[in-house]
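Asks: Using numbering that gives the first Met the number 0, read the sequence shown as starting at 0 and increasing by one per residue. Even glycine gets a Cβ: it sits at the ideal position worked out from N, Cα and C. Dropping a structure here in structure tokens format, bear with me for questions.
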Amino acid sequence: MKLLLIILIIFGSTCFAQPTIKIDTLIDFSKEDSISLQKELKIVKTILDSEVFWSKIKAYDFSCTNQRTFHSGRKKKKTLYPKKRRDRHVYTNQEIHDLLWFGQDEIGEPKDGVIDLKLRSKKYSPNKNGTTTHGSTNKNTLIISSSPKTRINNSTKGVYACHLLHEYMHVLGFEHKSNDPKKNKKKCGGSDVALGIQLIAIETLKELR
Ligand SMILES: [Zn+2]
Numbered sequence: 000m001k002l003l004l005i006i007l008i009i010f011g012s013t014c015f016a017q018p019t020i021k022i023d024t025l026i027d028f029s030k031e032d033s034i035s036l037q038k039e040l041k042i043v044k045t046i047l048d049s050e051v052f053w054s055k056i057k058a059y060d061f062s063c064t065n066q067r068t069f070h071s072g073r074k075k076k077k078t079l080y081p082k083k084r085r086d087r088h089v090y091t092n093q094e095i096h097d098l099l100w101f102g103q104d105e106i107g108e109p110k111d112g113v114i115d116l117k118l119r120s121k122k123y124s125p126n127k128n129g130t131t132t133h134g135s136t137n138k139n140t141l142i143i144s145s146s147p148k149t150r151i152n153n154s155t156k157g158v159y160a161c162h163l164l165h166e167y168m169h170v171l172g173f174e175h176k177s178n179d180p181k182k183n184k185k186k187c188g189g190s191d192v193a194l195g196i197q198l199i200a201i202e203t204l205k206e207l208r
């Protein structure tokens, strides 16, 4: 009986609990950035702890779900993580849900139920085509860079939190068909996985308020 209880506790803590967040690396964060980060991480946790978020993922109509190809474009010399074959698998909602739920990034222990984040604060110059870059994820280092102005210290609560969940889907390997949002939407016919998760997070926050 005692053994069964221990097994249940171990099983429960690894399978039934929502993932936790761990900051693995922090680069170029000012004091202001760090204060915002602490607040926004609490919001990420609120989203992750909400059943609404997970049930929305299971029901969402994702487009371009076979885009977990981030790993295949890694540059041999620059990458800290193994290069993987181009992945043509079409991910189901349950599989997308599980990748996030189990924190299946390559940072830290595999399938550890921890969303490990390597974060950088990065000022972006305006793009030539007039668009603004808010952030990006490096597929070789898995560092998520974010604009301190438009993302980390955005005056609207939760903007950075939802952006982090978007970028984390890139850490997991999901890519956009195009970096141009308009072209991407046209190619995908709707929100792809990274964008979809961000939108679900925004909707979840609205419902929780
Ligand atoms: Zn993106």
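Could you give the residue range of the alpha helix (DSSP H) that holds T45?
Replies: Within the sequence shown, numbered from 1, the residue matching residue 45 stands at position 46. Where T45 is concerned, the enclosing alpha helix (DSSP H) stretches over 30-47.
Asks: Enumerated in chain order, which unbroken segments of the beta strand (DSSP E) with a length of 3 residues or greater are wholly contained in the region 103-187?
Replies: The qualifying runs are 113-120, 134-136, 142-145.
Asks: According to DSSP, is D60 helix, strand or coil?
Replies: The sequence position of residue 60 within the sequence shown is 61, counting from 1. Three-state result, D60: coil.
Asks: Could you pull the start and end residues of the beta strand (DSSP E) that K205 belongs to?
Replies: Your numbering for residue 205 matches position 206 in the sequence shown. Here K205 belongs to no beta strand (DSSP E); instead the alpha helix (DSSP H) covers 192-207.
Asks: List the whole-angstrom C-beta distance separating T68 from R85, where the pair is believed to meet the contact cut-off of C-beta under 8 Å.
Replies: Along the sequence shown, read from residue 1 onward, the residue named residue 68 stands at position 69. Along the sequence shown, read from residue 1 onward, the residue named residue 85 stands at position 86. Contact flag correct, Cβ pair sits at about 5 Å.
Asks: Looking at the secondary structure, which residues open and close the alpha helix (DSSP H) in which L99 lies?
Replies: One-based indexing of the sequence shown puts residue 99 at position 100. Looking at the DSSP string, the run of the alpha helix (DSSP H) that includes L99 is 92-100.
Asks: Roughly how many whole angstroms lie between the Cα atoms of E202 and G72?
Replies: For the purposes of this step, residue 202 is identified with residue 203 of the sequence shown, where counting begins at 1. For the purposes of this step, residue 72 is identified with residue 73 of the sequence shown, where counting begins at 1. The straight-line gap from Cα to Cα measures roughly 32 Å.
Asks: Restricting to Cα atoms, I'd like to know which of K38, D48, D32, D23 is closest to A16.
Replies: Residue numbering aside, residue 16 sits at position 17 when the sequence shown is read from its first letter. Of the listed residues, the one whose Cα sits closest to A16 is D48.
Asks: Report the residue from K156, P125, Y80 whose alpha carbon sits nearest the alpha carbon of G107.
Replies: Within the sequence shown, the letter at position 108 stands for residue 107. For the residues K156, P125, Y80, the minimum Cα distance to G107 belongs to Y80.
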